[in-house]
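Taken in order, the sequence shown gives residues 34 to 227; the numbers are from my numbering.
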Amino acid sequence: MFARSDSRRQPSPPSHLDSQLDAVLVGGREPVKVRIADYDPDWPGRFSVERQRVSAALGALALRVEHIGSTAVPELASKPIIDILVEVDRPEDVSLYQGPLESAGYHLRVREPGHLMFRTPERDVHLHLWKVGGAEAGDYLALRDWLRTHREDRSLYERTKLALAERDWPDMNYYAEAKGQVIAEIMARARSRA
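Now the structure itself:
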């Protein structure tokens, strides 16, 4: 999907991604150099602290709060960003969530149909609000659970992330998009054995 490039040059993003990101990002694209860290056994504890903070802010609006992403997978190197899935009834209604989450220190970053993403000012915690019981929420949880129990795919995913982290990206979402093919392969294996 991305052109092979020298690690000092910007990768060539797919043209459709520019317009998609311009439509959903709050604050525009942010160039980034992705940093991958060895697994930190403190990450689950950091999630627990954030879970309490989110639950206190949203109360009954947060129907489920789960640790997702690579920091939720023991032994997997990761960006040191705690990703959190928050399942809600109405993710399209930003007014229900923005005030309470901003009061708790999270700021809106992504607003797209069916999905809101808030993050801390330090950018070390990302809250993903998705429809309760939706396919996206299920996919995040399935990928996490599969990687926790399948070393070969965990290693494949880690190698992919490390290779991609050598590049400069016009936004974190380009890096995420570049992992898409490998994630799709892993998810196909997970679904075939479910």
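Ideal Cβ positions, reconstructed from N, Cα and C, are used throughout, including at glycine.
Would you tell me roughly how many angstroms separate the C-alpha atoms of residue i and residue j, rounded to the nearest one?
i             : j             : result
aspartate 186 : valine 215    : 9 Å
threonine 182 : glycine 213   : 20 Å
valine 143    : arginine 226  : 33 Å
aspartate 178 : arginine 79   : 19 Å
leucine 130   : valine 59     : Contrary to the premise, residue 130 reads as tyrosine rather than leucine in this sequence. The straight-line gap from Cα to Cα measures roughly 15 Å.
tyrosine 190  : arginine 123  : 32 Å
tryptophan 31 : aspartate 157 : A query on residue 31 cannot be resolved here, the shown segment of the chain reaching from 34 to 227 and no further.
arginine 192  : alanine 110   : 9 Å
valine 82     : alanine 221   : 33 Å
aspartate 51  : histidine 161 : 21 Å
tyrosine 230  : alanine 90    : Lying before the first or after the last residue shown, residue 230 is absent from the chain, which here runs from 34 to 227.
Grab me the residues of residue i's own chain with a C-beta within less than 7 Å of its C-beta, minus the 5 sequence neighbours each way, in chain order.
i          : result
alanine 95 : Val87, Ser88, Val119 and Val121
valine 165 : Leu96, Arg97, Glu120, Val121 and Asp122
Please say whether residue j and residue i have beta carbons closer to each other than 9 Å?
i             : j             : result
glutamate 125 : glycine 92    : no
arginine 84   : valine 106    : no
threonine 153 : glycine 138   : yes
glycine 102   : histidine 140 : no
arginine 224  : alanine 175   : yes
glutamate 135 : valine 57     : no
threonine 104 : aspartate 73  : yes
aspartate 204 : arginine 68   : no
Applying the 10 Å Cβ sphere with the 16-neighbour rule, what's the burial state of residue i?
i             : result
lysine 66     : exposed
glutamate 210 : buried
glutamate 199 : exposed
histidine 100 : buried
aspartate 116 : buried
alanine 170   : buried
glutamate 108 : exposed
leucine 180   : buried
histidine 49  : exposed
leucine 195   : exposed
Excluding sequence positions up to five away, which residues of its chain have a Cβ less than 6 Å from the Cβ of residue i?
i           : result
proline 113 : Ala70
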